[in-house]
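Each remark here refers to the structure printed beneath this line.
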Amino acid sequence: MNYLLRRLLAVIPVLAVVAVIVFLLLRLAPGDPAVIIAGDTASAEDIEHIRQTLGLNRPVVEQFVGWIGQILRGDLGTSVFTGMPVAEMIRQRVEPTLWISALTMAFAVVFAVPMGIIAAWKAGTWVDRAVSGLAVAAFSLPVFVIGYGLVYGFSTQLDWFPVQGFKSLSDGFVPFIRHLALPVISGGLIYMALLARMTRSTMLEVLAQDYIRTARAKGLSSQRLLLRHALKNAAVPIVTTIGLGIAMLLSGVIVTESVFAIPGIGRLTVDSILRRDYPVIQGIVLVTATAYVLINLITDLLYGLFDPRIRY
Amino acid sequence: MDSPMIAALEARLERQRRQPRILVFARRHPVLVAGAALLATMVLLALLAPWLAPHDPTEMNVLQRLKPPSADYLLGTDALGRDILSRTLYGARVSLLVGVSVALFSALVGLGIGTVAGFNRVADRIIMRIMDGMMAIPGILLAVALMTLIRASIATVVIAIAMPEIPRVVRLVRSLVLTIREQPYIEAARAMGTRLPMILLRHVIPNLLTPLIVQASFIWASAMIFEAYLSFLGAGTPPEVPSWGNMMAEGRSVVQLAFGIILYPGIFLGLTVLAVNLVGDGLRDLLDPRIGRKL
Amino acid sequence: MSVVAFPRPLLDVRDLVKHYPTRTFWRDSPPVKALDGISFTLGAGETLGLVGESGCGKSTAAKTLLRLIEPTAGQILFDGADIATLSPAAFRPYRRELQIVFQDPYASLNPRLRAGEIVAEPLRNFGWDSRDGEQRVADLFARVGLNTDALKKYPHEFSGGQRQRLGIARALALNPRLIVLDEPVSALDVSIQAQVINLLEDLQADLGLSYIFVAHDLAVVRHISHRVAVMYLGRIVEIGPVDSLFTRPLHPYTRALLSAVPKISPAARQNRILLKGDLPSPAHPPSGCTFRTRCPQARPECAERAPQLVAHGNRHQVSCHFAETSA
Amino acid sequence: MSAPILEIDDLRIAFASPDGIVRAVDGVSWQLNAGEMLGIVGESGCGKSVTAMSILRLLPGPPAMFASGAIRFRGEDLLTASEARMRALRGNAISMIFQDPMTSLNPVLTIGEQIAEVLILHQKLSKRAAWTRAGEMLDLVGIPDPVRRLADYPHQFSGGMRQRAMIALALACNPAVLIADEPTTALDVTIQAQIMELLARLRREMGTAIVLITHDLGVVAECCDRVVVMYAGTKVEEARVDALFARPSHPYTRGLLAAMPELDTPGDARHRRLAEIPGMVPSLKQAAVGCRFAPRCALADERCRQTIPALAPTSGEHADHFAACFRAHEPLPGTAA
């Protein structure tokens, strides 16, 4: 039980560091933060207005404490550009990003883990070379090249899928899926490549262990040996890779959203960049980092499920 | 008195031994050799760009806007009538430069911080929490946030892309230092009276260079893609710099009309990144297959 | 190999203790008692065997003498001076006097350095200039039976036995007076083991070296040691001259150890004492005599009072309440 | 005497490595009778473990190659048997235990599951019947409170207990042959004594024939009926145990015995210098020209360096005492043997 407690306690310092990084980013940059946010064209009173709303004139420590207090109360500050509370803006735009991330991860995991296992089981054969080759190739292409390639192929030429846009689930399942298909596949291919490579190397390591040789000496068939003995030991490192890979997945999703013009968090980030709407960027970074930390916490807790050495 | 099977294998090995060394090496390390060859071609193309490029990459020719591949514009022209092939060749320089600089910068910084974390227990706890925090922020967001704040230039892009890579290098270096620290040859050095700085220089660092070089090559590959992402999102190198990312970003608005603007630089970028990844895979298996498992 | 008279011991260890705290958050769990107060002496040119099963603390004791592990308490008098609590800087000159050879021939040599550089390292640390250094390294290679063309080779190009010779050459570089041998031959095959043991004995005869010889192989320890200490769970249970300890073992554990070793000649196999159960955990050792849970002659009193080392004949001490009667 | 239960006949195994072919096993033959305990002794790299692993065909395909020879179990050649047939034999008719108990059991499965698995597979027992039988096996190998311990995981067992669990696992289906590859090398001497005593008892009670692979001559002397001495991939001597230690004939065997420090001799056996065997084990990359031991042998002459000595019976009262040496019975210079 103290393992769970230890993992829960470990989350707090990480989130604190994220908050400090996000807070310091703006202050560390050269020049006056207010000027940077206001942008080159802004007038003097605009800059003064921003300085007031963000309280940039107060001493740094006081700003930090105030800011943290706000966050803990769920208030992520207000957007300089739209004047809306950042938390509200994020909540409106979170649905598409959640769907894309979840489906991309599912799509990747469903294909990558079996591919990695088979490549490791048939190490050295053409199957292994094919999977490794495909993985390295997919791993080397930027997601938007794949994205536009798919759009060019399936949308403009074959018109199976819409070029861009997003339909929420409430608008009916078919349009929802048709809009998500290409973004999920383009983002998923890269994440699948990463996962397949990691699953393969983890399985190779497990298959080289002594207890696999013992299992073989017991007369087990290869399927049984693979699933009951090897996979159970490889589960923990594979789950860790899926957890750690989330950061890369989110990067892919952010780019995919701008390729397919999907109004998600990624698109909001891009717009906030162009508009130098720093409080929104700050809010998004905090939310995504928290999501990342929580997902990794879940993968840590799964350890106990798979690996008895941790439970006892 | 060998059996026929062994005799046949012996003959084949004998034939192999007589072949030129490079052929034997290539047969044993196909991935590394293929990757290195592809990378060499890309680097050559980049270096010889001024002589190879049919046109000046910045020369605009509005009449020739969005032309498909033709005799004098082998890969067609972009929205401002510039020759895509020339710009692609010049673009290679920027992307390769950014990739290598990011790899070197993050490897060296990561080596320093990682070694300190590996050797000093108090520093270790603080450093690792900071690294966990940095890793929690998706690389793109961290880089983008940095780019919105500092003036965009190749140098700032390198730093912005390196930032999310540093925690991964620190984590790798730290785990290697912790394993090497427990090795008997380190205990032997202490027993011989060797002082800590010398132990670090002669015993610890040389033994962790191999996996660090392999990790650096993977970072080099992903940095080139990252540069493309940043430019694509409008937070990359300044527009006038002909990097592949900028070219593809400009191509976004006319993607339906002339897909080549994104496709051709994309292919070049893909091939270069693939080359570097293959070199990374090849190096890992060549140098130490066991350590490779962790990357 | 006559027994050398010992005016004043080169090394006098008194109540050496090493406890490892166990890190759990709230309840103050007991530390792991790797060394729980061991005392022994070692004369010039003498070999003391430290023998016992895994977890008995013999390697910890050996490494603590060289401050590779910091002792928790106790004194280490080397030539009369207590080196247990010296600052690292003050202790450094003693590195020339005390050296170590490790068990694992593959992991105790830096794979990235050439053999010549490995052996030259201690010389460089103590100011030998390169010319004398080179000559000294060449002599050392010859002395341990390695030909000089091996100077340029890397560790992976040597066999296990040759690597152990490299380790010995490195330890000899600074002309030490005491060498700690931490299971130097356990990883070697019998035929190679014999070559290394003979080399160590010749070096002792020529250079008057003192050895602390740590091993779990009783036959090897009997062959090379003048005196032997038997350790169990961080304590010395019996210590004495090799012949009297091996022919008239007093402590029940020593007898069980000797009887457990498989013998080649049927005559030597008297009734075998099979200890029951496993080694108790060093963090929760049994009360009183720590061997009582496995001892065939354990009595209630063993649980109350921890026995102390008591002399039985010439310098043969044993830590057991009933050593006399059970002999 | 009935036909041997296991027979190795002129087995040759080579490994293809980038810089040449390693002849790990270069023509080895021996027999194992029902209920007998055969010791195979030799130093590292002599091919004893490779031979053991090849019996159950556990050697990984690509690098390893069976050049020639046969392994007959009750007359059936295992080298040509189908994979399905081999799986039916592994852990059922022929079982194996390994050197390092700490890594030989699956850390994420309970001891009970790992034993029951082989019973369900080979003897088609129900889960419950297999679980009870597993409990009996743990009791048989002397693990206290066996039924409760079935639900424990390997990391909750000590080294000695894990080796006992391995033995329980291997003997669960009452195999005819047990191959033990250095079963006690990683254990302390008092635990080793317990394990060897356990193996001897189980052999008597279950009649299992045991092939004991080890480098420890003492263990062979105490536990085995017959012994095979291997050097550089070949068999150099074979004899009944008492004959081998009473009158060792091959120079390598005699060299090994002279190189071992003594513990047996009572009284203060005055200190004798260990008789070294000079030089090192030869590289197995070149085919053998003469006797592999010639470069290190004090008796080696021109004939030894040219022709490979065949196995020949040594004079002496034991008929089944063979040595692969032209000058097997000549005294070594400078020693009484």
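Residue numbers (the numbering used here), protein chains in the order written: chain A, 547 to 858; chain B, 253 to 547; chain C, 787 to 1113; chain D, 3 to 339. Idealized CB from N, CA, C, for every residue including glycine. Only a predicted model underlies this, so the values are computations on that prediction, with no experimental measurement involved.
Whether SER804(A) touches GLY798(A) by CB criterion (8 Å)
no
Which runs of the alpha helix (DSSP H) spanning at least 4 residues fall entirely within the region 5 to 83 of chain D, listed in chain order?
The region 5 to 83 of chain D contains these whole alpha helix (DSSP H) runs: 50 to 57.
Starting from the Cα of ARG504(B), find the closest Cα among PHE806(A), ALA793(A), VAL655(A), LEU795(A) and give me that residue.
PHE806(A)
Which one of PHE707(A), ASN548(A), SER732(A) has the shortest CA to CA distance from PRO688(A)?
SER732(A)
Any C-beta of chain D sitting closer than 8 Å to the C-beta of PRO908(C)?
no
Would you mind stating whether GLY44(D) and VAL221(D) have Cβ atoms separated by less than 8 Å?
no
Quick check on the burial criterion: 16 or more other C-beta atoms within 10 angstroms. Buried or exposed for GLU907(C)?
GLU907(C) counts as buried, since at least 16 other C-beta atoms from the protein chains shown sit within 10 angstroms of its C-beta.
Could you work out which residues of chain A lie near LEU521(B), taking near to mean beta carbons separated by less than 9 Å?
SER686, LEU687, PRO688, VAL691
State buried or exposed for GLY718(A), treating a residue as buried only when at least 16 other CB atoms are found within 10 Å of its CB.
exposed
Pull up the distance between the alpha-carbon of ALA1069(C) and that of SER825(C), whole angstroms please.
21 Å
Could you give the DSSP three-state label for LEU551(A): helix, strand or coil?
helix
Since ALA1001(C) is in the beta strand (DSSP E), which residue starts that stretch and which ends it?
996 to 1001
With the cut-off set at 8 Å, would you say ARG762(A) and LEU771(A) are in Cβ contact?
yes
For PRO311(D), return the contacting residues in chain B, with the cut-off set at a CB-CB distance below 8 Å.
Those within 8 Å of PRO311(D) in chain B number zero; the least Cβ separation is about 14 Å.
Per-residue DSSP class, three states only, for SER285(D):
coil
Contacting residues, own chain, Cβ-Cβ under 7 Å from PRO1071(C) (five flanking each side not counted)
LYS819, LEU1019
TYR880(C) - DSSP class collapsed to helix/strand/coil:
helix
Terminal residues of the alpha helix (DSSP H) in which GLU641(A) lies
632 to 667
Does MET630(A) pass the burial test, meaning 16 or more other C-beta atoms within 10 Å, or should it be called exposed?
MET630(A) is exposed by the Cβ-count criterion.
At a Cβ threshold of 8 Å, is PRO20(D) touching chain C?
no
Can you name the residues of chain C whose CB is closer than 9 Å to the CB of HIS217(D)?
ASP975, VAL976
Count the CB pairs spanning the region 888 to 902 of chain C and the region 961 to 974 of chain C that are closer than 8 Å, and state whether there are at least three.
yes
Could you check how far apart the C-beta atoms of THR760(A) and LEU107(D) are, in whole angstroms? I think they sit under 8 Å.
7 Å
Near-chain C residues of the region 437 to 459 of chain B (beta-carbon distance less than 9 Å), N- to C-terminal order:
TYR437, ILE438, GLU439, ALA440, ALA441, ARG442, ALA443, MET444, GLY445, THR446, ARG447, MET450, ARG454, HIS455, PRO458, ASN459
Please compile the residues from chain B whose C-beta is within a distance smaller than 7 Å of the C-beta of ILE822(A).
Before going on, a small fix: residue 822(A) reads as Arg here, not Ile. Ordered by position in chain B, the residues that pass the 7 Å Cβ test against ARG822(A) are THR400.
Run through DSSP, which three-state label would VAL421(B) get?
In the structure shown, VAL421(B) adopts helical secondary structure according to DSSP, grouped into three states.
Whole-angstrom distance between LEU173(D) and GLU207(D), CA atom to CA atom
If I take the Cα positions, the gap works out to 11 Å.
Can you give me, in chain order, the residues of the region 223 to 241 of chain D that have a beta carbon less than 9 Å from any beta carbon in chain C?
ALA223, GLU224, CYS225
Quick one: measure Cβ to Cβ for PRO857(C) and ALA870(C), integer angstroms, because I've assumed they're closer than 8 Å.
5 Å
Neighbourhood of ASP11(D) by C-beta distance below 8 Å, restricted to the same chain and skipping five residues each side:
So the list reads SER31, GLY71, ALA72, ILE73, ARG74, once near-sequence residues are dropped.
Chain-order list of residues whose beta-carbon lies under 7 Å from that of THR748(A) (same chain, five-residue window excluded):
ALA780, PRO783, ILE784
CA-to-CA distance, LEU180(D) to SER84(D), given in whole angstroms
21 Å
Along chain C, which residues have their Cβ under 7 Å away from the Cβ of GLN435(B)?
ALA893
Boundaries of the alpha helix (DSSP H) in which SER977(C) is found, first to last residue
Segment 976 to 993, the alpha helix (DSSP H) holding SER977(C).
Answer yes or no: does any C-beta atom of chain B fall closer than 8 Å to that of TYR757(A)?
no
The alpha helix (DSSP H) that contains THR815(A), what's its start and end?
811 to 820
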